[in-house]
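Residue numbering for the sequence shown follows our numbering, beginning at 4 and increasing consecutively.
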Amino acid sequence: MENLTLSVCGKINLTLDVHYKRPDGYHEVEMIMQTISLKDEISLKLIPRPVIELTSNCHKLPLDESNLAYKAAKLMIEKYKLDAGIAININKKIPIAAGLAGGSADAAAVIVGINEMFQLNRPQEELMALGKDIGADVPFCIVGKTALAKGIGEKILPLKHLSGFGLLLVKPPYFVSTKEVYSRLDVKAIQERPDTMAMIEYINAQDIGKIAAGLCNVLEEVTFKLYPELDFIKKHLVSKGALGSLMSGSGPTVFGIFENIREAKNAAEKIDLAGNEIYVTQME
Ligand code: ATP
């Protein structure tokens, strides 16, 4: 196969808990992740020269070895001794450095795409283990849907799939560094933690009211100190009809949950959050 195009979903966190900082510097986390219908499109093409070429519609994206899609291609070529060059085009729709795992999603697409293009037939677990070396969210992005992630985020337990519930995403006009947020987190001082087990029960019951009420992310405390207006955005979304609202990942994106995409669209027309990017989407 010479060409392949894949769509890959961003994610939100329905819960995010941090247990402790490990000796290797990473944090031991427990989080419930959910894919959303905001997608990047990754096109892969075989080229005769033994190089990795990267292009994108997004001028804010680094197009060098630091790009996670580049790293994923390099890893696959080395690991499976592929005698080929690859041109990768990233059509970016997932906002960057927003807490929506856009970079991890691109890396996941490249890993899955190269597995398919070269008919490597490697099992999903092997691809996930490779993806972990690129980023903690890559294994989840390979599996997708609704899942519990543990460890540094690489141990994935699929949960009953939530889909079709509406989402309104508010992305403020600045980037947040995941590394900085974790470095500012004082695990012993965390005020409020999610009840992850209860959330799994609500997901099993597909009870969106209880899911919305159980949303909790321990990183909000840190990011809200840096950007107090994020708390206002959360409350604003609820005042306009969201069943619940939360910051995703390390932020700054804040989302509201709705029964369906129509309700999310209605709320989008009522909100007053000029200066922010607004996305109407759904769980996928
Ligand atoms: P997470 O939710 O996993 O913490 P995020 O959504 O906050 O991730 P990303 O969009 O993955 O963050 O971007 C984080 C950093 O990675 C940015 O500084 C960006 O420049 C860099 N990066 C490298 N490759 C990519 C890529 N393919 N897409 C987006 N960002 C990338």
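Note that beta-carbon positions come from the ideal geometry of N, C-alpha and C, so glycine has one too.
Answer yes or no: the CB of Leu172 versus the heavy atoms of the ligand ATP, is any distance below 7 angstroms?
The residue you call residue 172 lines up with position 169 of the sequence shown. No; taking the cut-off as 7 angstroms, the Cβ of Leu172 has no heavy atom of the ligand ATP nearer than that.
Same chain, Cβ closer than 7 angstroms to Ala216, neighbours up to 5 away in sequence not counted:
One-based indexing of the sequence shown puts residue 216 at position 213. Correct list, in chain order: Gly247.
Out of Gly154, Ala132, Val21, point me to the one whose CA is closest to Leu78's CA.
Along the sequence shown, read from residue 1 onward, the residue named residue 78 stands at position 75. Ranking Gly154, Ala132, Val21 by Cα distance to Leu78 puts Ala132 first.
Are the segment 141 to 157 and the segment 100 to 120 in contact at 8 angstroms, needing three or more beta carbon pairs?
Judged by Cβ distances under 8 angstroms, the segment 141 to 157 makes contact with the segment 100 to 120, as three or more pairs qualify.
Let me know the beta strand (DSSP E) ranges lying completely inside the segment 139 to 176, each 3 residues or longer, listed in chain order.
Within the segment 139 to 176, the complete beta strand (DSSP E) runs of at least 3 residues are 149 to 154, 158 to 161, 169 to 174.
Segment limits, beta strand (DSSP E) that includes Thr8:
Here residue 8 refers to the residue found at position 5 of the sequence shown. Here the beta strand (DSSP E) through Thr8 covers 6 to 24.
So if DSSP puts Val257 in a beta bridge, which residue, or which two residues, is it bridged to?
By one-based count along the sequence shown, residue 257 stands at place 254. Val257 is bridged by DSSP to Val173, Met250.
Proximal residues to Leu7 (C-beta, below 7 angstroms), its chain only, five neighbours per side dropped:
Translated into the one-based positions of the sequence shown, residue 7 becomes position 4. The beta carbon of Leu7 sits closer than 7 angstroms to the beta carbons of Leu47, Gly116, Glu119, Met120 from its chain, once the five residues preceding and following it are set aside; these are given in chain order.
Please determine whether the Cβ atom of Ile137 lies at a distance below 7 angstroms from any heavy atom of the ligand SAH.
Questions concerning the ligand SAH fall outside what the structure shown contains, since the ligands it does hold are the ligand ATP.
Along the chain, where does the alpha helix (DSSP H) containing Tyr185 start, and where does it finish?
On the sequence shown, position 182 is the one that residue 185 refers to. Here the alpha helix (DSSP H) through Tyr185 covers 181 to 187.
Inspect the CB distances between the segment 17 to 27 and the segment 50 to 60 and report whether three or more fall short of 8 angstroms.
Contact between the segment 17 to 27 and the segment 50 to 60 is absent, because fewer than three Cβ pairs lie under 8 angstroms.
Let's test the definition: count the other Cβ atoms within 10 Å of the Cβ of Leu261 and tell me whether it reaches 16, buried, or not, exposed.
Counting from 1 along the sequence shown, the entry for residue 261 is found at position 258. As written in the sequence, residue 261 is Phe, which differs from the Leu given in the question. Buried, because 16 or more other Cβ atoms sit within 10 Å of the Cβ of Phe261.
With a threshold of 7 angstroms (Cβ to nearest heavy atom), would Asn279 be considered close to the ligand ATP?
Taking the sequence shown and counting its residues from 1, one reaches residue 279 at position 276. Outside the cutoff, so no.
Mind checking who Met36 pairs with in its DSSP beta bridge?
Along the sequence shown, one-based indexing puts residue 36 at 33. BP columns for Met36 point to Asn16, Ala150.
Contact between the segment 263 to 280 and the segment 177 to 194 is defined here as three or more beta-carbon pairs at a separation below 8 angstroms; is this criterion met?
Cβ pair count under 8 angstroms is below three, so no.
Does the segment 21 to 40 touch the segment 71 to 87, meaning 3 or more C-beta pairs lie closer than 8 angstroms?
Not touching, per the Cβ criterion.
Can you tell me the Cα-Cα spacing of Thr199 and Asp189, whole angstroms?
The sequence position of residue 199 within the sequence shown is 196, counting from 1. The sequence position of residue 189 within the sequence shown is 186, counting from 1. It is roughly 20 angstroms from the alpha-carbon of Thr199 to the alpha-carbon of Asp189.
Comparing alpha-carbon positions, which option in Pro53, Val11, Thr256, Ile45 lies nearest Leu170?
The residue labelled residue 170 in the question sits at position 167 within the sequence shown. Per the Cα distances, Thr256.
Unbroken beta strand (DSSP E) run spanning Glu56, endpoints
For this step, residue 56 is matched to residue 53 along the sequence shown. Run containing Glu56: 55 to 59, per the beta strand (DSSP E) assignment.
Is the beta carbon of Ser40 within less than 7 angstroms of some heavy atom of the ligand ATP?
Within the sequence shown, the letter at position 37 stands for residue 40. Outside the cutoff, so no.
Boundaries of the beta strand (DSSP E) in which Ala100 is found, first to last residue:
Taking the sequence shown and counting its residues from 1, one reaches residue 100 at position 97. Counting along the chain, Ala100 falls outside any beta strand (DSSP E), and DSSP gives it neither H nor E.
CA-CA distance, Ala192 and Gly28?
As a working note, residue 192 is residue 189 in the sequence shown. As a working note, residue 28 is residue 25 in the sequence shown. So the alpha carbons of these two residues sit roughly 18 angstroms apart.
What is the rounded straight-line gap between the Cα of Leu233 and the Cα of Glu5?
Position 230 of the sequence shown, counting from 1, holds the residue named residue 233. Position 2 of the sequence shown, counting from 1, holds the residue named residue 5. Those two C-alpha atoms are separated by around 45 angstroms.
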